[in-house]
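**Q**
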Amino acid sequence: MHHLIDAYRQVDTDLPLVIVGDNPYNPEYVKQLKGAADGRVLFVGTEYGEAFWELCANCYVYVQPSEVEGTSPVLLSAMGCGRCVVVNGIPENVDVIGEAGLAFHHNDADDLAGLLRELLDHPKWVNQLGASAKNACASTTTGTRSPSSMKSCLVECLRGSNSGANALARSPAGRAFDVEFGIPALIGNN
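Here the sequence shown is numbered in the working numbering, starting from 5 and rising by one per residue.
As structure tokens, then:
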């Protein structure tokens, strides 16, 4: 997450960086993140259900800065909501997004800052990437890497139903915000 905050400080924008989640296993790290953030960064804590889906569906860009990851249910959710996704360039993230999103060089805040500036300057590109992400999510089977309930949830999300979103929020997979290694972040819309 610190790579994202470092990158965001390099970007001239009024859009807030909304950091969703917490890290109860390492409160000192969260304290360091808050200390490194400027006034445009909002730490909203852990969000589930409707609040999570509202944030996910309305963000300008979803950033997954995790240094260690499996197949992230939150990343898949952002893709299913048609959001432009940017991920840390680790194989697990790159494998999930394929050509439907962008990856910054592994742990490189400067590269991430450059991508964010490009995305902020090119909203049509952001919309195209979001549509690609949604299409990729809709046309890809999750196979054995994710539980079938995740696939059902995403199908419901793509159909516009909230029941899938609520199922994810109640499922263990929906607790992805409480991971030790990262906190999902969104760059908000005006």
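Every residue gets a Cβ at the ideal spot worked out from N, C-alpha and C, and that includes glycine.
All of these numbers come straight from a predicted model, not from anything done at the bench.
Could you pull the start and end residues of the alpha helix (DSSP H) that glutamine 36 belongs to?
**A** 31-40
**Q** Please state whether the Cβ-Cβ distance between isoleucine 101 and alanine 137 is less than 9 Å.
**A** yes
**Q** Report the three-state DSSP secondary structure of valine 72 (helix, strand or coil).
**A** It is coil, neither helix nor strand.
**Q** Would you tell me roughly how many angstroms separate the C-alpha atoms of tyrosine 29 and valine 89, rounded to the nearest one?
**A** 26 Å
**Q** Nearest-angstrom Cα distance between alanine 113 and alanine 11?
**A** 5 Å
**Q** When the Cα atoms are used, what is the spatial distance from proline 77 to alanine 107?
**A** 17 Å
**Q** Quick check: what's the CA-CA separation for proline 127 versus cysteine 141?
**A** Taking the straight line joining both Cα atoms gives about 21 Å.
**Q** Hey, quick one: how far does the beta strand (DSSP E) through leucine 106 stretch, first residue to last?
**A** Run containing leucine 106: 106-108, per the beta strand (DSSP E) assignment.
**Q** Compute the distance between the beta-carbons of proline 69 and leucine 116, then report whether it is under 9 Å.
**A** Yes, the Cβ-Cβ distance between proline 69 and leucine 116 is below 9 Å.
**Q** Quick one: give me the first and last residue of the beta strand (DSSP E) that isoleucine 23 is part of.
**A** 21-24
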